[in-house]
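These notes are about the structure you will find just below.
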Amino acid sequence: MSTPALPAFPSHLLVDLMVMAMRASVMGCKFGLTLFIARYLDLSSLGLYGLAAGAIAAVPIVVNLGMNHLLMRDAVTASPSEMIDSMRHYWYFVTFAYSVLLTTATLVTILLGTPPLWILIVAVIMFEHVGNDIFYLLSSLQHHVWANAIGFIRGAAWILIYVPLAIWDPSFRSLPYLFGFWLIGCMASVGLFAFLSRSWPWLASFSQPFRLSVITEAIRKSFLMLLSDLGFITSQYIDRYLITLFLGLKVAGIYFLFWTVGSSATTFLALVLQQKQRPSLISAYRTSGPSAHRQLAWRFLQTTALATAALSAAIGIAFQVLQPWVAPTLVAQWSAFWLIVAGLAVRYMADFGALALFTAHLDRLVTVTNLTYVGVLVLAQLALLPLAGLHGAGAAILLTALIISLWRYWLLFGFPISSGYSRRVGA
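The following block contains the structure:
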């Protein structure tokens, strides 16, 4: 298809360097923000921030009802007019859903006297949702520089302003100010996308009547992906809520600090590797068939495993060096820290297995493995948290991720292509 135009960059080397720099900045800034909260606020605030961050990641999964994955996958081969029409209907639906959530949060705040911080968090969730959609849309259309420029504003630029300001002026050291700056960054990133895509036929598309059948049909097709997404996001964030329940908000703050360190490596790899692996695997399956897809997935698996091990170890060692300055009281928790880092590294390998299954249109298998992941993880956490505390949390993540990784790779590579790839849904 002919993708909608955006300003181009002539040099591939320049593009790769720019993308790498922006991704590294996002990872570094989010990592630094967590260290800032641990150093200049307190562990309870860090725990609350972690719970809010989990909600910011989880709520969009419920709101989009699985539609975004199918829309971004179809955008790779759809015509510009079809892609924009689909996004128009989808964003109409998203806007309506968040209008209801914002109204509800405002009424609860007024009637029950709850802190207005949650209104701010719901607003951040809404703009993060749209920002993620924009990032994956532009990535699917191979506009990697602009996708990452918008991601940089949303994930790093506001932190580069807020943290120095809060270090200089202690009055800014509070969660309402932090989420306020976050919201401004999200709004600026959406504004940049609106400016860059101003030549796209948005006005012509939005002038057409809204067709409810487009949304209902998309929801019907996306039901399996909704279940899969709910399983995936629950497996990613349920542990911090269980830790808060069993061990308290302060320990949850410690866990979130360690989790942030470990996940910073895998987040960076997801941005560096999966952004290009995803469309490549989709194209390989559609143009060359299951055999080519499986061969490409095997090559990507080897690269991913090596990069995950090396980067997780490097970041973990760097944190150990910085820990006496960031959180000196946690130095004795080094064994729990490395358990959590190892668990997150293996979890990333499990996530790559899900990506490979998804790009081969094995949606049913993705859903089954994601839901199983949640069940195994919850059982492991419930069994190990009361007995071993933070060590139990790390052991539960590691054990569950190892089981699901082996299962997914057996589904991909362990039996003939004619059997595995025939289990398609939604192709």
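Using this note's numbering, the first residue of the sequence shown is number 129, and each one after it goes up by one. Built from N, CA and C at the ideal position, the CB exists for glycine as well.
- Close CB contacts of Q402 within its chain, under the 7 Å cut and outside five residues either way in sequence, are with L483 (chain order).
- Collapsing the DSSP output to three states places L199 in a helix.
- If you ignore the 5 residues before and after A464, its C-beta comes within less than 8 Å of the C-beta of F386, G517, L518, H519, A521 and G522, all in its own chain and listed in chain order.
- Scanning R406, L434 and T415 for the CA closest to the CA of A425 turns up R406.
- When DSSP states are grouped into helix, strand and coil, L269 belongs to the coil group.
- Taking a contact as a CB-CB distance under 8 Å, the pair F384 and G542 does not count as one, their CB atoms being some 36 Å apart.
- Annotated three-state conformation of L490 is strand, per DSSP.
- DSSP places I366 in the uninterrupted alpha helix (DSSP H) bounded by L340 to L375.
- Short of 6 Å from the beta carbon of A294, and not among the five residues preceding or following it, lie these beta carbons of its own chain, in chain order: F300 and R301.
- Its Cα nearest to that of P304, the residue V250 stands out among L450, L397, Y476 and V250.
- In the DSSP assignment, Q451 falls within the alpha helix (DSSP H) that extends over P418 to V454.
- Taken through DSSP and simplified to helix, strand or coil, D479 comes out as helix.
- Between E256 and A433, the alpha-carbon positions lie close to 29 Å from each other.
- Sorting A166, H271 and F396 by C-alpha distance to the C-alpha of L458 places A166 at the top.
- Excluding five sequence positions before and after S391, the CB atoms of its chain that fall closer than 6 Å to its own CB belong to L472, given in chain order.
- Excluding the 5 residues flanking it on each side, L288 has same chain C-beta neighbours closer than 7 Å at C157, in chain order.
- The C-alpha of W246 lies about 44 Å from the C-alpha of R427.
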